[in-house]
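K.L.:
My questions will all concern the structure given below.
Chains as they are written, first to last, in this note's numbering: chain A, 65 to 228; chain B, 301 to 456.
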């Protein structure tokens, strides 16, 4: 008998509290697409042979090339950065060539790998498996050979990044 | 004698409560909240070019309070932005600004933690627009994300 008023009070309070609020629900949707980009600190490196060739590797004249890869990707995708060349180093006046394979690089930074150019196949410079920003450096070397005639040889390479 | 005293002690809170209940019950139907539209979208964008993505629509909020009591509007995110493939983006990356300040204030969403978006003293008729933003990042997984946000208008 004594408990009834207490039970009633609790019930009335609950009703009053519910009546003092209003709710509206809104949905927030967001889309993130797969995308990637690559940034290089320079678009040219050069090598200079001073004096007679000794056959020793010649480092690039410039500071290491900074490479930044940015990507948003699906969990199952892998991101590859590759360097592609379509031919050998060519001397414009004489038409002489030096194999692209004579140029190699040493990489630093997470996911970046060292390697050498190949005119037959794209070569990997880095691989990652999740979204993010990845920074590394590439230091190129030229493997000189006494048989290479003096001259100015040039080669255009393409650095690309893609997801699979 | 002891039993009578006990009865009085039990009944007094009951009488006191009944005396206070009618004004509270009068509030039912005397506050209204309208939100439009009921969804907003953030399109995909390059994080370098658009570090902050603006939602596709402004959100119109209309509040009507017909009682002489303080009121408060809060926004409660029911969780982080959930991706279709299981990934997530912290809801703290979603913020809003208001075109009508006061009573609206700018803020950031926090998962399951209501954040004040406006407050005032009733009676009041208030109308404002909220602009939502998503902090963009290269760290997000590519996916479609979604989450519910609850607007709560409460009389204090």
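Where a beta carbon is used, it is the ideal one built from N, C-alpha and C, also for glycine. As the structure is a computational prediction, the values presented were derived from the model and not from experiment.
#1: Counting only Cβ pairs nearer than 8 Å, list the residues of chain A close to residue 433 of chain B.
#2: What are the residues of the stretch 177 to 209 of chain A that lie near chain B, defined by any Cβ-Cβ distance shorter than 9 Å?
#3: If you pair each beta-carbon of the stretch 86 to 94 of chain A with each one of the stretch 446 to 456 of chain B, do three or more pairs fall below 8 Å?
#4: Take residue 327 of chain B and list the residues in its own chain whose beta-carbon comes closer than 8 Å to its own, dropping the five residues that flank it on each side.
#5: Can you pull the DSSP bridge partners for residue 126 of chain A?
#6: Would residue 160 of chain A and residue 119 of chain A qualify as a contact pair, given that the criterion is a beta-carbon distance under 9 Å?
#7: Which whole-angstrom value is the C-beta distance of residue 441 of chain B and residue 195 of chain A, which I expect to be below 8 Å?
#8: Can residue 104 of chain A and residue 151 of chain A be called in contact, C-beta distance under 9 Å?
#9: In three-state DSSP terms, what is residue 182 of chain A?
#10: At the 9 Å Cβ level, is residue 125 of chain A part of the contact set with chain B, yes or no?
#11: Listed in chain order, which residues of the stretch 82 to 97 of chain A have Cβ atoms closer than 9 Å to some Cβ of chain B?
#12: Given a limit of 9 Å on CB to CB distance, which residues of the stretch 115 to 146 of chain A reach chain B?
#13: By the criterion of Cβ-Cβ separation under 9 Å, what are the contact partners of residue 381 of chain B in chain A?
#14: Determine, using beta carbons only, whether residue 343 of chain B comes closer than 9 Å to chain A.
#15: Classify residue 106 of chain A: buried if its beta carbon has 16 or more other beta carbons within 10 angstroms, exposed otherwise.
#16: Nearest-angstrom Cα distance between residue 188 of chain A and residue 132 of chain A?
#17: On a CA-only basis, which of A/198, A/174 and A/179 is nearest residue 205 of chain A? Give me that one, please.
#18: Would you kindly work out how many angstroms separate the C-alpha atoms of residue 428 of chain B and residue 402 of chain B, rounded to a whole number?
#19: Excluding sequence positions up to five away, which residues of its chain have a Cβ less than 7 Å from the Cβ of residue 389 of chain B?
#20: When the cut-off is 9 Å and only beta carbons count, does residue 305 of chain B lie next to chain A?
#21: May I ask you to report which of helix, strand or coil DSSP gives residue 164 of chain A?
#22: Between which residues of its own chain and residue 323 of chain B is the CB-CB distance below 6 Å, once the five residues before and five after are set aside?
#23: Whose Cβ in chain A lies nearer than 8 Å to the Cβ of residue 483 of chain B?
#24: Since residue 339 of chain B is in the beta strand (DSSP E), which residue starts that stretch and which ends it?
#25: Helix, strand or coil for residue 393 of chain B per DSSP?
#26: Just to confirm, is the Cβ distance from residue 200 of chain A to residue 227 of chain A under 9 Å?
P.N.:
According to the structure shown:
#1: By Cβ distance, chain A contributes nothing, its closest Cβ being about 11 Å from residue 433 of chain B, past 8 Å.
#2: Flagged, chain order: 194, 195, 196 and 197.
#3: Note that the stretch 86 to 94 of chain A touches the stretch 446 to 456 of chain B; at least 3 beta-carbon pairs, one per stretch, sit closer than 8 Å.
#4: Note on residue 327 of chain B: pLDDT 46, under 50, position unreliable in the model; no value is reported.
#5: Residue 126 of chain A is not bridged to any residue.
#6: One thing to note: residue 160 of chain A has its Cβ no nearer than 9 Å to the Cβ of residue 119 of chain A.
#7: Right, the Cβ-Cβ distance comes to about 5 Å (below 8 Å), so this counts as a contact.
#8: no
#9: coil
#10: no
#11: Taking 9 Å as the Cβ-Cβ cut-off, the stretch 82 to 97 of chain A approaches chain B at 82, 83, 84, 85, 86, 87, 88, 89, 90, 91, 92, 93, 94, 95, 96 and 97, given in chain order.
#12: 134, 135, 136, 137, 138, 139, 140 and 141
#13: 92, 93 and 94
#14: yes
#15: exposed
#16: Whole-angstrom Cα-Cα distance: 15 Å.
#17: A/179
#18: 10 Å
#19: Correct list, in chain order: 380, 381, 440 and 445.
#20: Caution applies to residue 305 of chain B, whose pLDDT of 46 falls short of 50 and renders its modelled position unreliable; the model cannot decide the point.
#21: helix
#22: In this predicted model, residue 323 of chain B has a pLDDT of only 39, less than 50, meaning its place in the structure is not dependable enough to derive any value.
#23: Shown here, chain B extends from 301 to 456; a query on residue 483 of chain B therefore has no answer.
#24: 339 to 342
#25: helix
#26: no
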